[in-house]
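**Q** Pasting in a structure now, in C-alpha cells, and then I'll have a few things to ask.
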Amino acid sequence: MRTQRQVVDYSLQKRAVLRELLAGRVGTYDVCDASPYLKNAARFHGEPTDRRCPICRSENLTLVHYIYGDELKQSAGQARTLTELPVLAMTLREFQVFVVEVCLGCDWNHLVEQYLLGRDGLTGDSDGTGEQSVAAADGAGRRRREAQR
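Read in order, the letters of the sequence shown are residues 3 to 151 in this note's numbering.
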C-alpha cells in the first residue's frame, strides 16, 4: 500500500513476551487471552498466514486489521479485511490501522504493527486537497476578513 506511513513494529515487544513466557515469569493464561470479539473478527475478517502460533505450534496465525479515525465516525474500531483498506485509504484523509495476530486454537494474540493510511500520505495531490488548495483557502479567508473591515 503506497500511502502506508508512520509504521510502528511491535516485534521486539512480542519477543520479550515470549521470552518471559519461556522463562516461566509469565503463564500461558496471561498471554493466551483473546476475547470472543477478537476471535470472531479473526474468523470473519482475518487474513490467514503461513506462520505457526508461537505458543501451541499447531494452528496458523490470523491477522486482524482494526481501523480508527475521526472520519470513520461509527465505523471506528471495526475489523476490516486487507482488501478493504486501499479503498478506504483513497476515500478518507487519514486513519490508523492496528494489526493483531490471533491463534484460534490457543487464544494467543498480540499487536503486530500500527500505521496510518489515507489520502494525506499521497504525494502530488491531484484532487485539490494539497498545499495549493490550503493556500488558496487561506487567501480567500484573508480577503473576506479584509472586506468585512
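All C-beta atoms in this analysis are idealised placements derived from N, C-alpha and C, irrespective of residue type, glycine included.
Consult DSSP for arginine 17 and reduce its assignment to one of helix, strand or coil.
**A** The answer is helix: DSSP assigns arginine 17 an H, G or I state.
**Q** For arginine 59, which three-state DSSP category applies?
**A** Residue state, collapsed to three classes: coil.
**Q** Near leucine 40, what residues of its chain come up, given a Cβ to Cβ distance below 8 Å and the 5 sequence neighbours on each side ignored?
**A** For leucine 40, where only same-chain residues beyond five positions count, the Cβ hits under 8 Å are Val66, Val102, Val104, Asn111.
**Q** Using CA atoms only, rank isn't needed, just tell me which of Ala25, Pro38, Ala78 is closest to aspartate 109.
**A** Selected option, being the one with the closest Cα: Pro38.
**Q** If you check the beta carbons only, do leucine 14 and proline 56 fall under 8 Å apart?
**A** Against a cut-off of 8 Å, the Cβ pair of proline 56 and leucine 14 comes out as no contact.
**Q** Once the 5 residues before and after arginine 95 are set aside, which same chain residues still bring their CB inside 8 Å of it?
**A** These residues qualify, in order along the chain: Glu73, Gly120, Arg121, Asp122, Thr131.
**Q** Would you check if the stretch 45-54 and the stretch 70-85 touch, i.e. whether three or more CB-CB distances between them fall below 8 Å?
**A** At 8 Å Cβ cutoff, the stretches touch.
**Q** So arginine 7 and tyrosine 117 are in contact, right, with Cβ under 8 Å, and what is the actual spacing, rounded?
**A** Yes, arginine 7 and tyrosine 117 are in contact; Cβ-Cβ is about 7 Å, under 8 Å.
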